[in-house]
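The block underneath contains the structure these notes are about, expressed in structure tokens.
Protein chains in written order, with the numbering used here: chain A, 10 to 232; chain B, 749 to 960; chain C, 28 to 261.
Take a look at the structure:
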């Protein structure tokens, strides 16, 4: 299946670039540290501050990952070869998005214990729900992010541009992610804020729908 | 006629690169296209390979405009250019298998190793591309172009970096393509290296193609 | 491509500007003299006659850019790229007006320069995205400029309703729900809205004409390549 092949290829390339992975991990960890210091030493609302921290860190880590995802294609012109295979552009998009979701999920799984420890929050019973919330947010982020990263590929300062594009556009997603994470770390339940799940699902679906419509045009706008 | 460019025009902002370039590639053709640096050869090659849309004019595959069935058309074309069009982080075998599977080639792995063997690269099939010399890389590039057994082969500067063995291997493959009825377009400056296989020569000048 | 725009365009533009300038004059007079001074806020409240219409015009501009983007993706005709680019640029200017007049009004009404309420936040996001549009468009020097710009215009606009609603749910709304005005205030506001829309059309026309001139010059220069009569090189 095309999209699995593409996802596998991207993941292989990520995994083989130890330098990139190390940078990504260290950068995310550093962000968590920076924000912990900024909020600390006494945390007034640890659940809230921790939720904000983990999602801020993930956002910036994500920008690096998404940018790299497109750079892999541009490095030696491989994107041309990709187009020449005649493979379905949407399948290529899905493959890249899947690889990005998995990469960001790995970062999330590293940041989770870190944040829990620094802010002294977290609850084991809430963990499954938290992972689902994380998944929902990351699918949306990767979906929109892969689209925008393709748009901004090859441009100077594209990481800066990506941050500028991705945060404002995905505000509904970020608000939802932080609110749900906060609720889970505060009361162990998402009940008071469960409507935000609908918002996030809408964002996820909208992102994928836009990609289905537009990704081929972006891919073909190669020169 | 397999592939034909019909009065293709291309302008980049205020610079006209192609001003009505036409070329016909028929089965068995091996056309060598030369032209001064910056004359638009690479642009023409990319338009012919459906990677770049022309401003005006069209490219036809088997008399059908390529624009309508771009993805199908691409499966009939093999293309190589200055950039490797490969993933530096993968091995040659992985690259070829990946592109082969995406192109829907049955038995991609077998085709890949056969091609690598053809170019004398079997020993290096699982070595990282980053360790390859220019000439070896060029062979992998050509292998990728030949993966889908193309009916039209468009090679932009294919002899660059090849030693005598590589040149012979390439010319042999071009000869085979010709024998099985495929068409080849070679673009470059070193016509002498392709002298043995070329059937027709052309020149891109002032945005148009003339017989040379 | 003709270096000059067609005659009907040129004539229409003249009348458009006359109308715009006349309306600006009339509405300024109306704002100063006809609109009553608001009891609580005083004269500063009259900023609303600039703030609200420019917000509406901003949304109009980006809506036009969205439509032009869709049209360009479907037809790949240059004119749609021109309309989209012109509209985004003009829209950004009006968005800046909104972002300046808003806090001025807010300081007077709510005693704070900024608050994270839906409309302000969404307009801020809008401003950032369309400023990024300018940066990205300026960085692309190739034939894909039109496609990338069109996609940006489409994607940014499509997202707005969701962003708006989300911020509304996130934080209750301090912003007046809808502008409920009666009598003279309402008259002046409607007049202002008309004025700004006509003014926007006039400015858009100018910007579009600039795009036309640019494209005509580029095509002209390109057409002069390989002119007959040049000595053939061997």
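Quick reminder that beta carbons are idealized off the backbone N, C-alpha and C, glycines included.
Would you call the CB atoms of residue i and residue j closer than 9 Å?
i: residue 208(A); j: residue 227(A); result: no
i: residue 781(B); j: residue 921(B); result: no
i: residue 107(C); j: residue 173(C); result: yes
i: residue 791(B); j: residue 765(B); result: yes
i: residue 182(A); j: residue 153(A); result: yes
i: residue 134(A); j: residue 197(A); result: yes
i: residue 85(A); j: residue 15(A); result: no
i: residue 122(C); j: residue 150(C); result: yes
i: residue 795(B); j: residue 779(B); result: no
i: residue 112(C); j: residue 176(C); result: yes
i: residue 919(B); j: residue 892(B); result: no
i: residue 860(B); j: residue 882(B); result: no
i: residue 36(C); j: residue 236(C); result: yes
i: residue 873(B); j: residue 864(B); result: yes
i: residue 930(B); j: residue 776(B); result: yes
i: residue 114(C); j: residue 91(C); result: yes
Mind pulling the chain B residues with CB within less than 9 Å of residue i?
i: residue 248(C); result: 761, 762, 763, 764
i: residue 170(C); result: 758, 759, 760, 761, 800, 801, 803
i: residue 58(A); result: Correct list: empty, because the minimum Cβ distance to chain B is about 38 Å.
In chain C, which residues lie less than 8 Å from residue i when you measure between Cβ atoms?
i: residue 767(B); result: 252, 253
i: residue 201(A); result: Per Cβ cutoff of 8 Å: no residues; residue 201(A) is ~13 Å from chain C at best.
Excluding five sequence neighbours on each side, which residues of the same chain lie with their C-beta closer than 6 Å to the C-beta of residue i?
i: residue 172(A); result: 72
i: residue 25(A); result: none
i: residue 51(A); result: none
i: residue 179(C); result: 160
i: residue 64(C); result: 70
i: residue 949(B); result: 780, 960
i: residue 95(C); result: 107, 110, 111
i: residue 186(A); result: 64, 146
i: residue 47(C); result: 225, 226, 229
Taking residue i as the query, report the chain B residues whose CB atoms sit under 7 Å from its CB, ordered along the chain.
i: residue 245(C); result: 761, 762
i: residue 87(A); result: 833, 834, 835
i: residue 11(A); result: 850
Which residues of chain A have a Cβ atom closer than 7 Å to the Cβ of residue i, listed in chain order?
i: residue 155(C); result: 173, 177
i: residue 819(B); result: 95
i: residue 887(B); result: Those do not exist, as residue 887(B) stays about 15 Å from chain A at its closest Cβ, beyond 7 Å.
Residues of chain A with CB under 8 Å from residue i, in chain order?
i: residue 179(C); result: 160
i: residue 825(B); result: 93
i: residue 892(B); result: 90
Less than 8 Å between C-beta atoms, sequence neighbours within five positions excluded: which residues of the same chain meet that for residue i?
i: residue 244(C); result: 30
i: residue 164(A); result: 170
i: residue 43(C); result: 225, 228, 229, 232
i: residue 868(B); result: 887, 913, 917
i: residue 242(C); result: 28, 105, 109
i: residue 851(B); result: 823, 895, 896
i: residue 220(C); result: 79, 80, 83
i: residue 767(B); result: 757, 954, 955, 956
i: residue 114(A); result: 143, 144, 147
i: residue 22(A); result: 81
Can you name, in chain order, every residue of its own chain whose Cβ lies under 7 Å from the Cβ of residue i, other than the five neighbours on each side?
i: residue 923(B); result: 945
i: residue 40(C); result: 232
i: residue 167(A); result: 76, 161
i: residue 59(A); result: 124, 128, 130, 194
i: residue 219(A); result: 156
i: residue 12(A); result: 100, 103, 104, 107
Taking C-beta pairs closer than 9 Å, name the residues in chain A that residue i reaches, listed in chain order.
i: residue 194(C); result: 180, 181, 184
i: residue 851(B); result: 93, 94, 95, 96
Give the interface partners of residue i over in chain B, defined as CB-CB distance under 8 Å, in chain order.
i: residue 92(A); result: 799, 822
i: residue 81(A); result: 835, 837
Report the neighbours of residue i on chain C: residues whose CB is nearer than 7 Å to its CB, in chain order.
i: residue 226(A); result: 100, 174, 178
i: residue 208(A); result: 193
i: residue 230(A); result: 171, 174, 175
I want to check one thing, is the minimum distance from the CB of residue i to the heavy atoms of the ligand FAD below 8 Å?
i: residue 37(A); result: The model depicted lacks the ligand FAD and carries no ligand whatsoever.
Discussion item. Output needed in chain order: residues of the stretch 19 to 42 of chain A with a Cβ under 8 Å from some Cβ in chain B.
Written reply: 21, 22, 25, 26
Item to complete: At 4 residues or longer, and completely inside the stretch 217 to 250 of chain C: list those alpha helix (DSSP H) runs for me, N to C.
Response: none
Discussion item. Along the stretch 145 to 167 of chain A, where does the CB come closer than 9 Å to a CB of chain B? Name the residues.
Written reply: none
Worksheet item: Mind listing which residues of the stretch 939 to 956 of chain B have their C-beta closer than 9 Å to chain D's C-betas, in chain order?
Response: The structure shown contains no chain D; its protein chains are A, B and C.
Worksheet item: Which parts of the stretch 913 to 956 of chain B are runs of the beta strand (DSSP E), unbroken and 3 residues or longer, counting only runs that do not cross its ends?
Response: 931 to 935, 948 to 953
Fill in: Completely contained alpha helix (DSSP H) runs for the stretch 812 to 841 of chain B, where each covers 4 or more residues
818 to 822
Discussion item. As an exercise, report each continuous alpha helix (DSSP H) stretch of at least 4 residues that is fully enclosed by the stretch 83 to 159 of chain A, in chain order.
Written reply: 87 to 93, 98 to 128
Discussion item. Which residues of the stretch 212 to 225 of chain A have a Cβ closer than 8 Å to any Cβ of chain C? Give them in chain order.
Written reply: 212, 215, 219, 223
Item to complete: Ignoring anything shorter than 4 residues or poking outside the stretch 775 to 805 of chain B, list the alpha helix (DSSP H) runs there in chain order.
Response: 789 to 796
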